[in-house]
Amino acid sequence: LQLIHCAFCPQLHTLPPAVLQNLFGKKIDYEEVEPTREKFCVSQASSTVGELLGQYFFDAVWSADTAKTVDELAKALKSSFSTGIATADWLDNSTRARAQTKLSKLVHLVGGPEKPQLYPTLTLDSKSYLKNRWKISQVNIDTNLKLNGQPVDKRKFVMPPQESTPQYRYNMNQMEFPGGILQPPVFDVKYDAAQNFGAIGTVIGHEITHGFDRTGRKFDGDGNLNYWLSSATTTAFNTKAQCIRDQYANFVVKNEVTDDVLGNIDAWVSLDETIADNGGLKTSFRAYHEYLKKFPSQYTEEAGDKLFYLSYAQLWCSKNTEDQLLWNMRVKYPPGRFRVTGTLQNDAEFARVFQCPTVSYMNPPEKCLLWE
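Numbering (the numbering used here), first residue to last: 951 to 1322.
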């Protein structure tokens, strides 16, 4: 079947959009109807002149307070992760030092580019879509060719500001948080610190942890392929990672309407994500409590901790079709329900805060701990 797909793929671009929508749109993007012309045009504009479109988005929603607060959150999460490295008893001293060096070189980008590509010399024709695409492509190609032979700029944004998916790039040791995700309900400068650390804080911690996951351990602080774990530390890492893999492999995915069993998560494929989820939660909770030492909460400690975990769980709230769940079971992103359940089962602080009975579903005796 895969060979048939590979042979057929080069012909897909020749099919009419309506046919492609019927073949793939409903199954992959879960769109019941063909996208409107307006939605199609916005998508095309975002993928071709993304930074120009992003400037309008920025003008509408961005603020200096948002940029400052998220930057401070990222620094707090890095500091917290550094504490985790310093106290990890499974790291030998040489590996610990290399891990700290890599963390110190990690670059974080927030919002969008300071000098976006606004195409000031470009004249577009409102009646010729193809001509416009050709002109834009020429400008983009010329811009990229001028970068040939220049040093890599780790402060350069790859995604336009309106995107809502953060990224960590292994070969750059860089993480990017576009403006699109730095909006309610994931983040707001008006939210309580518990909410922001519980939501966007865990996202930042997740991206940091990617630099130290199963793939991240192969790249050094400069983004070069350079495995930096010692032999003994590698053995300890693999044992701890296997614990996480076994845990998630036992989760049973069910249809959210009929409760029919669909199968189990591919815990090997998703291991980098689940390692990052677990590390991100622990790192952000510690960072939140460090923050409280300087800025006491209006709530009791118990209420603040509960708000933190509630915000984390709400981050992954979703309703899924059976096709979506089947897709999530096969790829590196498990269904949201298990991204929450899996991390919280491994979190002794969560069990303490919510007084989960010993040896209960949310407080199992064996907890899988790697980066914490």
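Glycine included, C-beta positions come from ideal geometry on N, C-alpha and C.
Buried or exposed: which applies to S1234, given that a residue is buried once 16 or more other Cβ atoms fall within 10 Å of its Cβ?
buried
How should F1288 be labelled, buried or exposed, when 16 other C-beta atoms within 10 angstroms of its C-beta is the threshold for buried?
buried
Tell me the residue span of the beta strand (DSSP E) that contains R1119.
1117-1119
Residues near L951 by beta carbon distance below 6 Å, same chain, minus five either side
With a pLDDT of only 42 at L951, under 50, the local geometry of the prediction cannot be trusted, and the value read off the model is given with reservation. Same-chain partners within the cutoff: there are none.
Note down, in chain order, each residue of its chain lying with its Cβ closer than 7 Å to the Cβ of K1104, except the 5 sequence neighbours on either side.
V1057, M1122, Q1124
Contact set for E1206: own chain, Cβ-Cβ below 7 Å, skip 5 residues either direction:
K1269, N1270, listed in sequence order.
Mind pulling the beta strand (DSSP E) runs of 3 or more residues that sit fully within the segment 1191-1262?
1202-1204, 1211-1214
Got a sec? Which residues, its chain only, sit under 6 Å from F1201 by beta carbon, not counting five neighbours each side?
I1215, F1288
DSSP beta-bridge partners of S993:
Answer is none; S993 lacks a bridge partner.
Enclosing alpha helix (DSSP H) for E1113 [first to last residue]
Careful: E1113 lies outside any alpha helix (DSSP H) and carries neither H nor E.
The segment 1071-1088 touching the segment 1134-1148, judged by at least three CB pairs closer than 8 Å
No, the segment 1071-1088 does not touch the segment 1134-1148.
Flag this pair as yes or no: are the beta carbons of C1306 and K1190 separated by less than 8 Å?
no
Hey, how far is the Cα of L1257 from the Cα of D1170?
36 Å
Could one say the Cβ of W1321 lies closer than 8 Å to chain D's Cβ atoms, at least one of them?
Among the chains of the structure shown, chain D does not appear; only one protein chain is present.
Could you check if V1060 is buried or exposed, using at least 16 other CB atoms within 10 Å of its CB as the buried criterion?
buried
8 Å Cβ cutoff met for G1173 and W1321:
no
Between the Cα of K1168 and those of Y1120, D1092, M1312, L1053, spot the shortest distance and give me the residue it belongs to.
Y1120
Within its chain, find whatever has a CB closer than 7 Å to the CB of K1282; leave out the 5 residues flanking it on each side and keep chain order.
V1219, S1220, D1222, E1223
Would you identify the three-state DSSP class for I954, choosing helix, strand or coil?
In this prediction, I954 has a pLDDT of 49, which is less than 50 and means its spatial position is unreliable; what the coordinates show is noted afterwards. It is helical.
Output the distance between the C-alpha atoms of T1159 and F1031, rounded to the nearest integer angstrom.
Going by C-alpha positions, T1159 is about 8 Å away from F1031.
According to DSSP, residues forming a beta bridge with M1125
Looking at the DSSP output, M1125 sits in a beta bridge with H1058, Y1118.
Mind checking which residues open and close the alpha helix (DSSP H) that includes S1076?
Premise fails: S1076 is in no alpha helix (DSSP H) and is neither H nor E.
What does a CB cutoff of less than 7 Å around Q1005 pick up in its chain, not counting 5 residues either side in sequence?
Cβ neighbours of Q1005 beyond the five flanking positions: P1066, L1068.
Measuring alpha carbon to alpha carbon, tell me which of F1008, S1261, A1047, R1164 ends up nearest I1035.
A1047
Given a threshold of 16 other Cβ atoms within 10 Å of its Cβ, counted over all protein chains shown, does Y1262 qualify as buried or as exposed?
Per the 10 Å Cβ criterion, buried.
Give a yes or no on whether the C-beta atoms belonging to A1238 and G1151 are separated by under 8 Å.
Going by the sequence as given, residue 1238 is Tyr instead of Ala. Yes. Within cutoff.
When DSSP labels each residue in this structure, what does F1107 get in the three-state scheme?
The answer is coil: DSSP assigns F1107 none of H, G, I, E or B.
What does the Cβ neighbour count give for S1310, buried or exposed, with the cut at 16 atoms within 10 Å?
exposed
Is the beta carbon of G1129 sitting closer than 8 Å to the one on G1062?
yes
How should I1194 be labelled, buried or exposed, when 16 other C-beta atoms within 10 angstroms of its C-beta is the threshold for buried?
buried
Report the rounded CA-to-CA distance for E1113 versus T1045, giving the unit in angstroms.
35 Å
Contact check, V1303 vs D1255 under 8 Å by CB: the rounded distance?
4 Å
For M1312 and V1295, believed in contact at Cβ under 8 Å, the rounded distance
Correcting the residue identity first, residue 1295 is Gln in this sequence and not Val. With 8 Å as the limit, Q1295 and M1312 qualify as a contact, their Cβ atoms being about 6 Å apart.
Tell me the rounded alpha-carbon separation between T1250 and L1179.
Using only the alpha carbons, I get a separation of about 41 Å.
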